[in-house]
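Notes for the one structure printed next.
Chains as they are written, first to last, in this note's numbering: chain A, 69 to 347; chain B, 1018 to 1350.
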């Protein structure tokens, strides 16, 4: 590291700030995980203590795995998240390619229209969405959730990806056309690999709100067979008694899959966020 | 075969017309260079020939067949781009073979064509690499190789040397000239660099603002320009334009190349003072500020010394001068 641009004091200060932020951000997660391994009495006696031999208790996890159909809930959450993510990325990238690549009347208006969704929360349309789902018989199906989440994720995906696709060399696409590649091949084989970091960024920003959402599962798919993990965890929160062991254990388990997905995308994500800033 | 004919071709983007009726004939085996300042429409014209831009009106024909509505891949052309445009996920071999593979050519034939092109361009040792592992010059050679493999009727080059450094540019220019001799194919080449235009072309097309200003062999254009634009654009340093009236001539302006102005410290037709001297070793360029004709350039071969602010006299060689009218059109005696 060159000393001209990095002094030890500044380096320490920067790391100090970042470490502080990390601690604050991770603290709730830490509390959840720690307490999920403790007995009920110990949780209330000293919420911040680490589990000891005396207070260690797996009762939360046992309850979660015994009661309710948690594997099914996990599976539902996974299906909804992965399917929505797939459609958001596929349709988002396709729309972005059309907007950035082709000159047609109303191109700019279409782009603005597609990006408008970023500013308008989809929950405002909950009643209308519910009416549509009832009318089309999709209530209590995962399809309903996938459709809604795809709609929710598309605006940001189109917005981010069309900016990135404008950056892909025109010459490359034209070379493909002259060599006889179809527009689909150009899109899938030439353009998509080049915007992979942007796709990862969109994937992470789309995935997390879907996984954590409680609103739409509660309204559109509350049946036992279609419950997602966030909705499933609610059975332990009662009006009078809350089984904290089970709630914390369920939430602790719910972190795992999304963490794995994040790790898959994160390497690409960092390149996506810093693209343009660092060449 | 590879004749290209453009008849009254125009191109508009919305209300702006960028190509304003171009007629041109490029014969089989000819090396034709489109040259002009940036924004003159030379790249757009090339892209229209390639099929990457629609033709607004007029006809584009290859070997007499109208190809206006034919997809780029069906036009039997190959194009080399300024930014190389190699497929980043394919090796050099696959980059070169892709067009044939798309056309459904048998594998053995593709391999033979690729190897042949690779041998012509010394790409043998690079065949298994990906574009990211090549230098700029190597990438451009691969891009040229990719064009050769297709054995097209027409080679299109869009400023292929602009991203290379000076030494590599000269080497690649010579390489392209050699390929043209060996392949005998029709080539169309777009550049803003007049050295490339002069050295490579059989036929130069000088474009300005979407119109053809002059078409001809390099030396014809240099020695016999049609108007002040062509006269000023071709040749470096630029031609001097003198006010004919002040020299007792009937034309509006007199064009004289810097090497045809004689400089003297004692007597001559035009009085001025030395403003700047550039010594290039083989030649000396002297810039002379004159009260009547503004800044004039004199080119002398060998080394010469002219102190700045020295009073000098210039005399144009009348036998090598060009006369132009008030519209800038050439007046031929």
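Beta carbons: idealized from backbone N, C-alpha and C, even for Gly. Being a predicted model, the structure only gives us computed values, none of them experimental.
query, result
"Whose CA, out of 1128/B, 1235/B, 1297/B and 1091/B, lies closest to the CA of residue 1213/B?", "1235/B"
"Report the neighbours of residue 125/A on chain B: residues whose CB is nearer than 9 Å to its CB, in chain order.", "The contacting residues do not exist; residue 125/A stays about 53 Å from chain B at best."
"Could you name the residues of the same chain whose beta carbon sits closer than 6 Å to that of residue 1078/B, not counting the 5 residues immediately before and after it, in chain order?", "1022"
"For residue 202/A versus residue 228/A, is the C-beta distance shorter than 8 Å?", "no"
"To which residues of the same chain is residue 282/A closer than 7 Å at the C-beta, ignoring the five residues directly before and after it?", "298 and 299"
"Could you name the residues that DSSP lists as bridge partners for residue 360/A?", "Nothing about residue 360/A can be reported from this structure: the residues present for chain A run from 69 to 347 only."
"With 8 Å as the limit, tell me which residues of the stretch 242 to 258 of chain A have their beta carbon closer than that to any beta carbon of chain B; keep them in chain order.", "242, 243, 244, 245, 246, 247, 248, 249, 257 and 258"
"Starting from the Cα of residue 1069/B, find the closest Cα among 1049/B, 1091/B and 1051/B and give me that residue.", "1091/B"
"What did DSSP end up calling residue 1029/B once you bin it into helix, strand or coil?", "strand"
"To which residues does DSSP link residue 1091/B through a beta bridge?", "Per DSSP, none; premise fails for residue 1091/B."
"Quick one: measure Cβ to Cβ for residue 1246/B and residue 1206/B, integer angstroms, because I've assumed they're closer than 8 Å.", "With 8 Å as the limit, residue 1246/B and residue 1206/B do not qualify as a contact, their Cβ atoms being about 20 Å apart."
"Going by Cα to Cα distance, which pick from 1166/B, 1170/B, 1140/B and 1168/B is closest to residue 1156/B?", "1140/B"
"Would you tell me roughly how many angstroms separate the C-alpha atoms of residue 1243/B and residue 241/A, rounded to the nearest one?", "39 Å"
"For residue 346/A, collect the residues of the same chain with a Cβ closer than 6 Å to its Cβ; drop the 5 residues on either side in sequence, then sort them by chain order.", "With a pLDDT of only 40 at residue 346/A, under the threshold of 50, the placement of this residue in the model should not be trusted, and no figure is reported."
"To be precise: take each residue of the stretch 1110 to 1134 of chain B, compare its Cβ to all Cβ atoms of chain A, and keep it if any distance is under 8 Å. Which residues remain?", "1115, 1116, 1119 and 1120"
"Give the range of the alpha helix (DSSP H) segment to which residue 1076/B is assigned.", "Run containing residue 1076/B: none in the alpha helix (DSSP H); it sits in the beta strand (DSSP E), 1074 to 1079."
"Closer than 8 Å, Cβ to Cβ, to anything on chain B: give me those residues from the stretch 115 to 145 of chain A, in chain order.", "none"
"Chain B partners of residue 261/A, CB-CB under 7 Å?", "1106"
"Between the stretch 239 to 257 of chain A and the stretch 1096 to 1107 of chain B, can you find at least three pairs of beta-carbon atoms closer than 8 Å?", "yes"
"Do you know offhand how far residue 1190/B's Cα is from residue 178/A's?", "45 Å"
"Would you say residue 1099/B lies against chain A (beta-carbon separation less than 8 Å)?", "yes"
"Show which residues of chain B have a CB atom less than 7 Å away from the CB atom of residue 237/A.", "1100 and 1102"
"From this set, 103/A, 230/A, 134/A and 199/A, which residue's C-alpha is nearest residue 160/A's C-alpha?", "230/A"
"How is residue 30/A classed by DSSP in three states: helix, strand or coil?", "Outside the shown range of chain A, which is 69 to 347, sits residue 30/A, and nothing can be said about it."
"Does DSSP put residue 242/A in a helix, in a strand, or in coil?", "helix"
"For residue 1122/B, which three-state DSSP category applies?", "coil"
"Could you spell out the range, first to last residue, of the beta strand (DSSP E) harbouring residue 1307/B?", "1300 to 1307"
"Using DSSP with H/G/I as helix, E/B as strand and the rest coil, what is residue 105/A?", "coil"
"Reducing DSSP to helix, strand and coil, say where residue 1022/B ends up.", "strand"
"Tell me, to the nearest whole angstrom, how far the beta carbon of residue 1047/B is from that of residue 1216/B; I am working on the premise that it is less than 8 Å.", "That belief does not hold up - the Cβ atoms of residue 1047/B and residue 1216/B are roughly 15 Å apart, past 8 Å."
"Within 8 Å (strictly less), CB to CB, does residue 153/A reach chain B?", "no"
"Let me know the beta strand (DSSP E) ranges lying completely inside the stretch 1156 to 1180 of chain B, each 3 residues or longer, listed in chain order.", "1171 to 1175"
"To the nearest angstrom, how far is it from the Cα of residue 119/A to the Cα of residue 268/A?", "37 Å"
"Please name the residue in 205/A, 273/A and 246/A whose C-alpha comes closest to that of residue 1087/B.", "246/A"
"Leaving aside the five residues before and after residue 1146/B along the sequence, list all residues of the same chain whose C-beta is less than 7 Å from its C-beta, in chain order.", "1108 and 1109"
"Just to confirm the assignment: which complete beta strand (DSSP E) runs, minimum length 3, are found wholly within the stretch 1226 to 1265 of chain B?", "1228 to 1233 and 1257 to 1260"
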